[in-house]
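Visitor: One structure, pasted below without further comment.
There are 2 protein chains.
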Amino acid sequence: MDAIAVAAPESQKKRRKGEETRAQILETALELFRERGYEETTMRAIAESAGVSVGNAYYYFKSKEHLIQAFYARTHEEHLAASREVLDRERGLRERFLGVMRAKLDTIEPYHQFSGVLFKTAADPASPLNPFSAESLPVRQQSTELFTEVITGADTRLPAELVAALPNLLWVYHMGIVLYWIHDSSPGCAKSYRLMERSVRLILRLISLFQFPLLRPFLRELLVLVTELRGDVTPAQAAPAVE
Amino acid sequence: MDAIAVAAPESQKKRRKGEETRAQILETALELFRERGYEETTMRAIAESAGVSVGNAYYYFKSKEHLIQAFYARTHEEHLAASREVLDRERGLRERFLGVMRAKLDTIEPYHQFSGVLFKTAADPASPLNPFSAESLPVRQQSTELFTEVITGADTRLPAELVAALPNLLWVYHMGIVLYWIHDSSPGCAKSYRLMERSVRLILRLISLFQFPLLRPFLRELLVLVTELRGDVTPAQAAPAVE
DNA sequence: AGCCTGAATTGAACGCGTTCAATTCAGGCG
DNA sequence: CGCCTGAATTGAACGCGTTCAATTCAGGCT
Chain A
18 MDAIAVAAPE
28 SQKKRRKGEE
38 TRAQILETAL
48 ELFRERGYEE
58 TTMRAIAESA
68 GVSVGNAYYY
78 FKSKEHLIQA
88 FYARTHEEHL
98 AASREVLDRE
108 RGLRERFLGV
118 MRAKLDTIEP
128 YHQFSGVLFK
138 TAADPASPLN
148 PFSAESLPVR
158 QQSTELFTEV
168 ITGADTRLPA
178 ELVAALPNLL
188 WVYHMGIVLY
198 WIHDSSPGCA
208 KSYRLMERSV
218 RLILRLISLF
228 QFPLLRPFLR
238 ELLVLVTELR
248 GDVTPAQAAP
258 AVE
Chain B
18 MDAIAVAAPE
28 SQKKRRKGEE
38 TRAQILETAL
48 ELFRERGYEE
58 TTMRAIAESA
68 GVSVGNAYYY
78 FKSKEHLIQA
88 FYARTHEEHL
98 AASREVLDRE
108 RGLRERFLGV
118 MRAKLDTIEP
128 YHQFSGVLFK
138 TAADPASPLN
148 PFSAESLPVR
158 QQSTELFTEV
168 ITGADTRLPA
178 ELVAALPNLL
188 WVYHMGIVLY
198 WIHDSSPGCA
208 KSYRLMERSV
218 RLILRLISLF
228 QFPLLRPFLR
238 ELLVLVTELR
248 GDVTPAQAAP
258 AVE
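Protein sequence lines correspond, in order, to chains A and B. Using the working numbering, the letters of the first sequence correspond one by one to residues 18 to 260. Using the working numbering, the letters of the second sequence correspond one by one to residues 18 to 260.
Here it is in structure tokens:
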């Protein structure tokens, strides 16, 4: 048996080892987070449970928050996968949009209990977890692309300028829904689903309204506002001045 | 001199003392926050600077976060005062709305550097600082009333259902602007002011559009959505289940 | 085999927010 | 006047996240 497996080079074996430890720590951490909550889970407990020293946990994760970031990346992947399924299946704009949004809520549902901490750290402009930070730019871009795909892959034709601006708008909208969801304590987060479904319907209606020439100037101004401000706000362009 | 001042009862003298200590601690804390930032200011430093013991600081403020809450209450008062001035002066809906929003940004400007921490804690559903929490309900109500006054005191007449729903909508909108402001690193937060002015204009335009019967069903649905969901989300209705 | 090097790992130590048993203070009462 | 009581105040101690100098480990080179 081992004679067959020899092919693996040394450096790869080394990397494998490190990645296993890393995965072990992350897995243990997420489990403890789910069991006891974030604040109640200490780094010492994580390390002990994972069979490593405290310092070693910090070797792989710069801070306790970075463990959340890893989790964040994971649910993001899950959402992408779930959305892909919807987008492959559906052609109607409404179904696609609704499906992606529903997938979002479904994906994050298991973590609702400690979503507060997640958002708490995510809201800090200085945190790498901040959705506007440079560190989470890839994730943000992927999410935005998702909404691009929702629109361009649908059988509905929309004016070009709207197509250009909508993805970012919808991304912000979806963040708003998540924000509501975080504070939603209704059973099964039913209210969040309800709000999402209704607001999606409303948005689609609003979009269709833009066909009327009456509303064109309004639309124009909205688009100018959005494109003018998009992206330039992130504090990441210059390193935060800490003396 | 003292013969005149004798009138003060004992209990009042006592209360005065306590309140002075409390004020002393708060003043020192806010000063240090502004100087060095929130995270960099330790409770020990605050206590020492205020000439009290650490424990005593905790006697008056349950936690470091509660010092922020006190600051929050203060800027809220300032905003109310500044808004009052505007509302007494202006009669046009646009001027009133713009004035109140501008006053908001002006009021919080001095604290922009540590606004991140403010929002970070405010975003946590479990935190008393959370704008949706029971503890900040009075502040939230006052803010909402402010927008009621913006509308009802203006010389523009609006449909009754709109008048009923707008205050809450505008409050949420104003929170959104603050959220943008927190992440705004442009000089003088110019971008936030710009966004605010443009979006205010847009909102007013949107409001005036509702006069067209074409948009009535849209408006209806929007109002239903808002009134249905308003307020019931706060997790404060039942004590958070902590085992 | 022996050495070198850089990754992996350790655990004691630091600084922080927070707690709390103990102490002081000051006004009311017999 | 001395006692009582509750508010005000103290500071040592706790548990936490985080750091870092020191140590081990394992592969590559001579």
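For glycine and all other residues, C-beta sits at the position ideal for the given N, C-alpha and C.
At what residues does the alpha helix (DSSP H) containing E94 of chain B begin and finish?
Guide: Residue 94 of chain B sits at position 77 when you count from the first residue of the second sequence. It spans 81 to 106 - the alpha helix (DSSP H) in which E94 of chain B sits, taken as one unbroken run.
Visitor: What residues of chain A sit near P142 of chain B, judged by a beta carbon separation below 7 Å?
Guide: What you label residue 142 of chain B is simply residue 125 of the second sequence in a count that begins at 1. Simply G133, I199, H200.
Visitor: How about the region 125 to 135 of chain B and the region 49 to 67 of chain B: do they share at least three Cβ pairs that are nearer than 8 Å?
Guide: yes
Visitor: Can you find a C-beta in chain B that's less than 8 Å from the C-beta of S80 of chain A?
Guide: Here residue 80 of chain A is taken as the residue at index 63 of the first sequence, counted from 1. Closer than 8 Å: no.
Visitor: Indicate whether at least one CB of chain A lies closer than 8 Å to the CB of L226 of chain B.
Guide: Walking along the second sequence from the start, residue 226 of chain B turns up at place 209. Closer than 8 Å to some Cβ of chain A, the Cβ of L226 of chain B qualifies, so yes.
Visitor: Count the other CB atoms within 10 Å of the CB of F78 of chain A; is the residue buried (16 or more) or exposed (fewer)?
Guide: Residue mapping note: residue 78 of chain A aligns to position 61 of the first sequence, counting from 1. With 16 or more other Cβ atoms within 10 Å, it is buried.
Visitor: Give a yes or no on contact between the region 195 to 202 of chain A and the region 161 to 169 of chain A, applying the rule of three or more CB pairs nearer than 8 Å.
Guide: no
Visitor: Can you check whether the C-beta of E94 of chain A is within less than 8 Å of a C-beta belonging to chain B?
Guide: On the first sequence, position 77 is the one that residue 94 of chain A refers to. No, because no Cβ of chain B sits closer than 8 Å to the Cβ of E94 of chain A.
Visitor: How is D172 of chain B classed by DSSP in three states: helix, strand or coil?
Guide: On the second sequence, residue 172 of chain B is found 155 positions in, with the first residue counted as 1. Coil.
Visitor: Beta-carbon within less than 7 Å of Y210 of chain A's beta-carbon, same chain only, minus the 5 sequence neighbours each way: which residues are those?
Guide: By 1-based counting over the first sequence, the position of residue 210 of chain A is 193. Taken in chain order, the residues that qualify are L122.
Visitor: Please determine, among B:E37, B:I63, B:E36, the residue with the shortest C-alpha to C-alpha distance to L47 of chain B.
Guide: The sequence position of residue 47 of chain B within the second sequence is 30, counting from 1. Nearest C-alpha to L47 of chain B: B:I63.
Visitor: Mind listing which residues of the region 160 to 173 of chain B have their C-beta closer than 8 Å to chain A's C-betas, in chain order?
Guide: none
Visitor: So for Y190 of chain B, helix, strand or coil by DSSP?
Guide: Taking the first residue of the second sequence as 1, we reach residue 190 of chain B at position 173. Y190 of chain B falls in the helix class under three-state DSSP.
Visitor: In terms of alpha-carbon separation, which member of A:R233, A:V156, A:Y190 lies closest to T92 of chain A?
Guide: On the first sequence, residue 92 of chain A is found 75 positions in, with the first residue counted as 1. Measuring from the Cα of T92 of chain A, the nearest candidate turns out to be A:V156.
Visitor: Which residue marks the beginning of the alpha helix (DSSP H) containing P142 of chain B, and which one marks its end?
Guide: Your numbering for residue 142 of chain B matches position 125 in the second sequence. P142 of chain B -> no alpha helix (DSSP H), and no H or E assigned at all.
Visitor: Taking its Cβ as the centre, do 16 or more other Cβ atoms sit within 10 Å of Q158 of chain B, making it buried, or is it exposed?
Guide: Indexing the second sequence from 1 puts residue 158 of chain B at position 141. The residue is exposed, with fewer than 16 neighbouring Cβ atoms inside 10 Å.
Visitor: Just confirm the distance between the C-beta atoms of L242 of chain A and R119 of chain B, as a whole number of angstroms; I'd bet it's less than 8 Å.
Guide: Taking the first sequence and counting its residues from 1, one reaches residue 242 of chain A at position 225. Taking the second sequence and counting its residues from 1, one reaches residue 119 of chain B at position 102. Beta-carbon to beta-carbon, L242 of chain A and R119 of chain B are separated by about 17 Å, too far to satisfy the 8 Å threshold.
Visitor: Determine which residues of the region 214 to 225 of chain A have a Cβ less than 9 Å from any Cβ of chain B, and write them out in chain order.
Guide: R215, S216, R218, L219, R222, L223
Visitor: In chain A, what lies closer than 8 Å to E137 of chain B by C-beta?
Guide: Here residue 137 of chain B is taken as the residue at index 120 of the second sequence, counted from 1. At residue 137 of chain B the sequence reads Lys, which differs from the Glu that was named. Those are K137, T138, A140, D141, S144, listed as they occur along chain A.
Visitor: Where does A67 of chain B land, buried or exposed, given buried means 16+ other C-beta within 10 angstroms?
Guide: Numbered from its first residue, the second sequence carries residue 67 of chain B at position 50. Taking every protein chain shown into account, the CB of A67 of chain B has 16 or more other CB atoms within 10 angstroms, so this residue is buried.
Visitor: May I ask you to report which of helix, strand or coil DSSP gives P148 of chain A?
Guide: Here residue 148 of chain A refers to the residue found at position 131 when the first sequence is read from its first residue. Note: P148 of chain A maps to coil in three-state DSSP.
Visitor: Less than 7 Å between C-beta atoms, sequence neighbours within five positions excluded: which residues of the same chain meet that for V107 of chain A?
Guide: Position 90 of the first sequence holds residue 107 of chain A. First, the residue type needs correcting, since residue 107 of chain A is Glu and not Val in the sequence shown. Contacts found: R113, G116.
Visitor: Thinking C-alpha only, which one of B:L104, B:A90, B:L43, B:A98 is nearest Y75 of chain B?
Guide: Taking the second sequence and counting its residues from 1, the one referred to as residue 75 of chain B is at position 58. Y75 of chain B has its Cα closest to that of B:L43, out of B:L104, B:A90, B:L43, B:A98.
Visitor: Output the distance between the C-alpha atoms of L49 of chain B and E178 of chain A, rounded to the nearest integer angstrom.
Guide: Working through the second sequence from its first residue, we reach residue 49 of chain B at position 32. Working through the first sequence from its first residue, we reach residue 178 of chain A at position 161. Answer to the nearest angstrom: the Cα atoms are 48 Å apart.
Visitor: On the DSSP letters alone, give me the boundaries of the alpha helix (DSSP H) that T124 of chain A sits inside.
Guide: In the first sequence, the residue the question calls residue 124 of chain A occupies position 107. Segment 110 to 125, the alpha helix (DSSP H) holding T124 of chain A.
Visitor: Which residue from A:L223, A:I194, A:E152 puts its Cα closest to that of R111 of chain A?
Guide: In the first sequence, counting from the first residue as 1, residue 111 of chain A sits at position 94. Comparing Cα positions, the closest option is A:L223.
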